[in-house]
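Inspection log for the structure reproduced underneath, given as structure tokens.
If you want it as structure tokens, here you go:
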């Protein structure tokens, strides 16, 4: 289950609040995040964004990305907030993503 809510802040700036919940067999995951974005051109779906998230209160996630004409590129860095043992100290990493969101256009007579 996931969801998000966009809050217009000022002209071309938005604040987006979101969550993601997964319950699969023995693994449960909850991510709560937010990011600020600046729209260069809403018609061409072009913007840049920065954000911060938390996973199960154990890991911070730093987000950065951009989109242009439906092509979204992003990078995230996960950093464990617990350092009490070796397992948690090595749980950090970088994630890269790219996706495309198309728009369907219907011709009317």
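In this note's numbering, the protein residues as written are 695 to 803. Just so it is clear, CB atoms sit at the ideal spot from N, CA and C, and this is done for glycine as well. Since this is a predicted model, take the numbers as computed values, not measurements.
DSSP beta-bridge partners for residue 789? 770
Is residue 729 buried or exposed, if buried means 16 or more other CB atoms sit within 10 Å of its CB? buried
Is it the case that the Cβ atoms of residue 794 and residue 765 are separated by a distance below 7 Å? yes
For residue 749, which beta-bridge partners are listed by DSSP? 725, 753
Do you know how far the Cα of residue 776 is from the Cα of residue 702? 34 Å
Would you report the Cα separation of residue 726 and residue 715, rounded to the nearest angstrom? 9 Å
Whole-angstrom distance between residue 789 and residue 771, CA atom to CA atom: 6 Å
Rounded C-alpha distance that separates residue 700 from residue 747: 16 Å
On the three-state DSSP scale, how would you describe residue 739? coil
Are residue 732 and residue 750 close, meaning C-beta to C-beta below 7 Å? no
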